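Novice: Next up is a structure, given as structure tokens.
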Amino acid sequence: MKNFADRLIEEIRNKESYVVCGLDPIWESIPEGVKVRFKSKGAAIFAFNKAIIDAIHDVVVCVKPQLAYYEQYGINGLIAFKATVEYARKKGLLVIADGKRNDIGSTSLAYAKAYLSKGDASDLAFDCDALTVNPYLGWNGIQPFVEMCKQNSKGIFILVKTSNPSSGELQDLIVEGGRTIYEKVAELVDKWGSDLVGDSGYSSVGAVVGATYPEQAERIRKIIPRSIILVPGYGAQGGNAKSVVVNFNDDGLGAVVNASRSILYAYKSDRWSGAYDEDAYADAARAEAVYMRDEINMELEKRQK
4 MKNFADRLIE EIRNKESYVV CGLDPIWESI PEGVKVRFKS KGAAIFAFNK
54 AIIDAIHDVV VCVKPQLAYY EQYGINGLIA FKATVEYARK KGLLVIADGK
104 RNDIGSTSLA YAKAYLSKGD ASDLAFDCDA LTVNPYLGWN GIQPFVEMCK
154 QNSKGIFILV KTSNPSSGEL QDLIVEGGRT IYEKVAELVD KWGSDLVGDS
204 GYSSVGAVVG ATYPEQAERI RKIIPRSIIL VPGYGAQGGN AKSVVVNFND
254 DGLGAVVNAS RSILYAYKSD RWSGAYDEDA YADAARAEAV YMRDEINMEL
304 EKRQK
């Protein structure tokens, strides 16, 4: 199987899209017409996700289910997560499990097996294409994920500069050499991913850099030219196409952009509520995904002129 980064770049080129849809099911925002059809929340969540995937699979390059939104519903939620992963991959989508996992080495290995396994363990594991991970424990916590990526052609995205308002409390602190912590982590991402660079020139060890911090993203991009940046924070969190293009390299590659609420619940938005009611939530999601794709592509074209 191809290196994860190569597969992602191939999807980007084939679809002419950089859009990732976060599958973060908020129960209160799921249409009543979906919820009343099922006895368990897990079953309703999967039905909601399935309709979204059917509507957007040819527009987005990945889906990114956030594990907490499934774990809160116990075993039924995890069943919905597994079903979502399997269905998305069946529709040809890459799946990034957003769990921000890490721990000491042996526990990180267990996390890696849970989300990045293949083969005999696939009936027990979730078999995602990539996983978000936390760098706080250093190389001992990251190494098991990197080794699993090598074995199974999977990928990881390491938190570097996150989109939340308080991220600077730690990430912006100055350390040795006058670097911020996020810049130091970016240096480590480049180092840790050096053995996983594919034919595309990009590594399967990527970074998470929030759309809400474009100035910091510009500095990070220079530190990690071979890493794909996963950019959350577009849409509901305040990021826009102009703020995300700094994450891209001059070749027009090197980043993918995630939106969750603005796509999933587009039927409730000012932009689409007049055109779609809640029964047409999947159609509204597609309209927003297409709008986002075209907006990002337009900004990238402006930048490259």
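Residue numbering for the sequence shown follows the numbering used here, beginning at 4 and increasing consecutively. Idealized CB from N, CA, C, for every residue including glycine. The structure presented is a predicted model; accordingly, all values stated were derived computationally and were not measured.
1) Within the same chain, show all residues whose beta-carbon is closer than 6 Å to that of Q174, passing over the 5 residues directly before and after it, in chain order.
2) By a C-beta neighbour count over all protein chains shown, 10 Å radius and 16 as the cutoff for buried, is K44 buried or exposed?
3) Going by the DSSP bridge assignment, what does S230 pair with across the sheet?
4) Counting only beta-carbon separations shorter than 8 Å, does A288 have a partner in chain D?
5) Hey, how far is the Cα of N52 from the Cα of V178?
6) Who are D237's beta bridge partners in DSSP?
7) Can you check the stretch 99-153 for any alpha helix (DSSP H) of at least 4 residues that lies completely inside it and give the ranges in chain order?
8) Taking contact to mean at least 3 C-beta pairs separated by less than 8 Å, is the stretch 207-226 in contact with the stretch 18-35?
9) May I ask you to list the residues that DSSP assigns as paired with N261?
10) So for P28, helix, strand or coil by DSSP?
11) Going by DSSP, which residues form a beta bridge with T183?
12) Look up L70 in the DSSP assignment and give the residues it is bridged to.
13) Apart from the five residues on each side of it in sequence, which residues of its chain come closer than 8 Å, Cβ to Cβ, to K103?
14) Mark P168 as exposed unless 16 or more other C-beta atoms lie within 10 angstroms of its C-beta, in which case mark it buried.
15) Among G180, V66, A292, whose alpha-carbon lies nearest the alpha-carbon of L11?
16) Rounded to whole angstroms, what's the CA-CA distance from V259 to V212? Just pull it up for me.
17) Identify every residue that forms a DSSP beta bridge with K164.
18) Locate the alpha helix (DSSP H) running through N79, then write down its first and last residues.
19) What separation, rounded to the nearest whole angstrom, lies between the Cα atoms of I15 and Y21?
Specialist: Here's the rundown:
1) K164, I184, Y185
2) buried
3) S206
4) In the structure shown, chain D does not exist; there is a single protein chain.
5) 43 Å
6) Asp is not the amino acid found at residue 237; the sequence shown has Tyr there. Per DSSP, G242.
7) 108-119
8) no
9) V23
10) coil
11) I177
12) DSSP output for L70 lists no bridge partner at all.
13) T135, V136, N137, L162
14) exposed
15) V66
16) 10 Å
17) V212
18) 77-93
19) 6 Å
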